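For the sequence shown, our numbering assigns the number 1 to the initial residue and increments by one for each residue that follows. To keep things clear, I will list the structure first and then write my remarks on it.
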Amino acid sequence: MVNLLERLQVSDGCFDHSAHEGEPGRGTVICNAVAGLGFLYMTEHGEDEKLAERILVIVRRNLDWFGSHWWKRGNVWKKVVDHPSWCAVTNQDVCVACDMCKYGEISGDMS
Numbered sequence: 001m002v003n004l005l006e007r008l009q010v011s012d013g014c015f016d017h018s019a020h021e022g023e024p025g026r027g028t029v030i031c032n033a034v035a036g037l038g039f040l041y042m043t044e045h046g047e048d049e050k051l052a053e054r055i056l057v058i059v060r061r062n063l064d065w066f067g068s069h070w071w072k073r074g075n076v077w078k079k080v081v082d083h084p085s086w087c088a089v090t091n092q093d094v095c096v097a098c099d100m101c102k103y104g105e106i107s108g109d110m111s
């Protein structure tokens, strides 16, 4: 499963084929954040440390993409937002926050 999902991540950190046709760009907030959370929960239930390290690299790359691509970007309904958020849709932004918290908890990296 990790091999399959890893192949779907493009060089900038976004997961390919992760956008609703009505959203701008090729990767939406919710589709990427949920993929990251799935990866992180896989590390908690596995015993393979090398696999867990690989997953953390994948998720960190995706989180870096969020910061550079989505911060205050908005969405098709509300273009640029004027407050701290990624797309200004509560459930989607909360998923990113959960992704960041879980990554920090597992990796110890709170940056």
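Cβ atoms here follow ideal geometry from the backbone N, Cα and C, with glycine treated the same way. These numbers were taken from a predicted model, which means no experiment stands behind them.
Self-check item: Gly27 in three-state terms, based on DSSP
Solution: strand
Where DSSP assigns a beta bridge to Phe66, which residues make up the other side?
-> DSSP, once it has assigned bridges, lists no residue as partnering Phe66.
Coarse secondary structure for Ser11, derived from DSSP in three states: coil
**Message:** Contact between the stretch 76-96 and the stretch 5-17 is defined here as three or more beta-carbon pairs at a separation below 8 angstroms; is this criterion met?
**Reply:** no
For Ser107, the three-state DSSP class (helix, strand or coil): helix
Can the beta-carbon of Gly36 be found less than 8 angstroms from the beta-carbon of Val59? yes
task = With DSSP as the reference, please indicate the residues paired to Ser18 in a beta bridge.
result = Gly27
Report task. Starting from the C-beta of Arg61, find all residues in its chain whose C-beta is less than 7 angstroms away, skip the five residues before and the five after it, and write them out in chain order. Result -> Gln9, Gly13
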